[in-house]
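K.L.:
Each residue of the sequence shown is one higher than the last, beginning at 1 in the working numbering.
Here a beta-carbon is modelled for each residue, glycine too, at the ideal position from N, C-alpha and C.
For clarity, every value in this text was computed on a predicted model and none was experimentally measured.
Next up is a structure, given as structure tokens.
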Amino acid sequence: MTYPDNPYDQDLPPVEEISSEDAYARGASATEGDDDSGVHTGPVSDRSAASDGAGVQQALDEQRDKYLRLAAEYDNFRKRTVKERLEAGSRAQADLVKQLIDSLDDLSRFATLDPAATDAPTVLQGVDLVEKKLRKALSGAGLEVIEPVDQPFDPAAQEAVATEPALSSEDDNMVARVYQRGYMFNGQLLRPARVVVKQWNG
């Protein structure tokens, strides 16, 4: 009885002998690109980078939306503030005009008087009353008259148009006369008073 040839009896290529250093080098080359867990990291790194990029873009979009909303809110606030300021100014002007209406009516009555039937003292008395009424209304609105006779000269609210000799050193730099009244409105100088100032020459 014959048996087929034993394959193990066939000639085999000689076994290459390698050192432990060469084996380690070959093993490292074969596993290049794999991490310690045996999983290749190349595609995973690509997916991670793509995920990070998407996250950054989302954060940028969110910040852009916040900026646009903030800009729109600021623009609305600016427009509302301008509107409120204009409305407040208009209301203040309306209140002032309302206080002057009565004085305007009085002046209109004097304008329609018959000169032949009205004497001069009556007209002067009526004008004086209208002036006082007008001053009272303006004073209530915040107007202040600058008429500094016998007061120290104040260059911040007065304008010296002339000088005259003072009779004593105590009168030096005092206001002698007012050529034109000045006016302040709620602490703001509208027009300086034009005055004559005394000077002591000793």
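Please report the distance separating the alpha-carbon of W200 from that of L167.
P.N.:
Here residue 200 corresponds to residue number 200 of the sequence shown, with the count starting at 1. Here residue 167 corresponds to residue number 167 of the sequence shown, with the count starting at 1. Between W200 and L167, the C-alpha separation is close to 7 angstroms.
K.L.:
Under three-state DSSP, which class holds E144?
P.N.:
Position 144 of the sequence shown holds residue 144. DSSP places E144 in strand when its eight states are reduced to three.
K.L.:
Is it right to say F77 is buried, meaning 16 or more other beta carbons lie within 10 angstroms of its own, or is it exposed?
P.N.:
Working through the sequence shown from its first residue, we reach residue 77 at position 77. With fewer than 16 other Cβ atoms within 10 Å, it is exposed.
K.L.:
According to the neighbour-count rule (16 or more other Cβ atoms, all chains shown, within 10 Å of its Cβ), is S90 buried or exposed?
P.N.:
If you number the sequence shown from 1, residue 90 lands on position 90. It is exposed - the Cβ of S90 has fewer than 16 other Cβ atoms within 10 Å.
K.L.:
Entirely within the stretch 99 to 183 and at least 3 residues each: give me those beta strand (DSSP E) ranges in chain order.
P.N.:
Listed in chain order, the complete beta strand (DSSP E) runs (minimum 3 residues) inside the stretch 99 to 183 are 143 to 146, 158 to 165 and 175 to 180.
K.L.:
What number of angstroms, rounded off, separates the C-alpha of D106 from the C-alpha of Y183?
P.N.:
Stepping through the sequence shown from its first residue, residue 106 is reached at position 106. Stepping through the sequence shown from its first residue, residue 183 is reached at position 183. The straight-line gap from Cα to Cα measures roughly 23 angstroms.
K.L.:
Would you please state the rounded distance, in angstroms, between the beta carbons of L134 and L100? I believe it to be under 8 angstroms.
P.N.:
By 1-based counting over the sequence shown, the position of residue 134 is 134. By 1-based counting over the sequence shown, the position of residue 100 is 100. Between L100 and L134 the Cβ distance is about 7 angstroms, and since that is below 8 angstroms, they are a contact.
K.L.:
V123 and L113: beta carbons closer than 9 angstroms?
P.N.:
Sequence index remark: in the sequence shown, residue 123 carries index 123 (1-based). Sequence index remark: in the sequence shown, residue 113 carries index 113 (1-based). Contact flag set, yes.
K.L.:
Using only the alpha-carbon positions, how far apart do V149 and L138 sit?
P.N.:
Taking the first residue of the sequence shown as 1, we reach residue 149 at position 149. Taking the first residue of the sequence shown as 1, we reach residue 138 at position 138. The alpha-carbon atoms of V149 and L138 are separated by roughly 22 angstroms.
K.L.:
In its own chain, which residues sit with a C-beta less than 6 angstroms from the C-beta of F153, not counting the 5 before and 5 after it?
P.N.:
Start at 1 with the first residue of the sequence shown, and residue 153 comes out as number 153. Correct list, in chain order: N173, V175 and V197.
K.L.:
Would R181 pass as a contact of E131 if the rule is Cβ separation under 9 angstroms?
P.N.:
Numbered from 1 along the sequence shown, position 181 holds the residue referred to as residue 181. Numbered from 1 along the sequence shown, position 131 holds the residue referred to as residue 131. Result no, Cβ atoms of R181 and E131 do not sit closer than 9 angstroms.
K.L.:
In terms of alpha-carbon separation, which member of A157, R177, A120 and V178 lies closest to Q188?
P.N.:
For this step, residue 188 is matched to residue 188 along the sequence shown. Ranking the options by Cα distance to Q188, first place goes to A157.
K.L.:
Could you tell me which residues DSSP pairs with T194 in its beta bridges?
P.N.:
Along the sequence shown, one-based indexing puts residue 194 at 194. The amino acid at residue 194 is misidentified as Thr; the sequence shows Arg. According to DSSP, which records beta bridges pairwise, R194 is partnered with E159 and Q180.
K.L.:
Quick one: what's got a C-beta closer than 8 angstroms to G202's C-beta in the same chain, skipping five residues either side?
P.N.:
Taking the first residue of the sequence shown as 1, we reach residue 202 at position 202. Closer than 8 angstroms at Cβ, skipping near neighbours: S169.
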